[in-house]
Amino acid sequence: MAGVGTAALTDWIHRFRDVIAEKREWLTELDSAIGDADHGANMSRGMDAVVAKLDAGAPATVDELLKTVGMTLVSSVGGASGPLYGTLFLRMGMTAGPVTELDDTALAASLRAGLDGIVARGRAEAGDKTLFDAMAPAVDALDAAIAGGADLAAATAAAADAAAAGRDATEPLVARKGRASYLGERSAGHLDPGAASVALLFATLAQAAAESS
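Taking this note's numbering, I'd label the letters of the sequence shown as residues 7 to 219.
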């Protein structure tokens, strides 16, 4: 099946930066309710740094591209977001290898590796009210759609829908990880900001995949 090359992946990163900038205040508002009120600002600063780095010299291979994204996020984003998102992209790059295009199964494998990296770093589980609650369903949906014969555009759209549903499912949860866990029962009734940004990540991936198909 057709896949995504470095141009499409770069388009994804640009789209993610743009929507993070657009939703910056919303993400900060979500984080102000149960966190440090800096998720929007941190992610916006990090993604601006990522795009500046890529615009200064586009990496030739997928692993170089994704590792550049990951290292830049680790070095420029504060709080938990930098290490977690950085780990996601670093693990994706390590799994992708020195290729110029990922087919559907390779993209899914790289995202699965990224999710595994997040779990290893953050020890998050389903229901903890973290970005895992949006990302794990998205990766599972991507795998299932590809196994069912969906093309990459349809598979990433399914992943985006699953991420959005996972984000929404965090609202009634009581946080068990991170700063939000200090609030106990008061953390219920609010969307997790990390899950919200992950939903944006998969929405923009679906847009980039559809554009490149």
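Note that the Cβ used here is the ideal one computed from N, Cα and C, for glycine as well. Please read all numbers here as calculations on a predicted model, not as lab measurements.
Check	Outcome
Under 6 Å Cβ to Cβ from T78, same chain only, skipping five residues before and after it: list those, please.	A55, V56 and K59
For E70, which of helix, strand or coil comes out of DSSP?	helix
Would you give the residue range spanned by the alpha helix (DSSP H) that A13 belongs to?	T12 to E28
Mind checking which residues open and close the alpha helix (DSSP H) that includes D110?	D110 to G128
Out of curiosity, what's the CA-to-CA distance linking A39 and H196?	7 Å
When the distance is taken between beta carbons, is A212 closer than 9 Å to A166?	yes
Taking the C-alpha atoms as reference points, what is the distance between K73 and E31?	28 Å
Nearest to P104 by alpha carbon, out of S218, S203 and G11?	G11
Which stretch, first to last residue, makes up the alpha helix (DSSP H) that contains S87?	S87 to A102
If G51 sits next to S82, beta carbons under 8 Å apart, how far is it from one beta carbon to the other, in whole angstroms?	Looking at the sequence provided, one finds Arg at residue 51 rather than Gly. With 8 Å as the limit, R51 and S82 qualify as a contact, their Cβ atoms being about 6 Å apart.
For P178, count neighbouring C-beta atoms within 10 Å of its own C-beta (all shown protein chains included) and say buried if the count is 16 or more, exposed if not.	exposed
Hey, P89 and R127: beta-carbon distance below 9 Å or not?	yes
Buried or exposed, going by whether 16 or more other CB atoms sit within 10 Å of the CB of D139?	buried
May I ask you to report which of helix, strand or coil DSSP gives E107?	strand
Exposed or buried, which one is A132 when buried takes at least 16 other CB atoms within 10 Å?	exposed
Please report the residue range of the alpha helix (DSSP H) in which S203 lies.	P199 to S218
List the endpoints of the continuous alpha helix (DSSP H) containing H45.	H45 to A62
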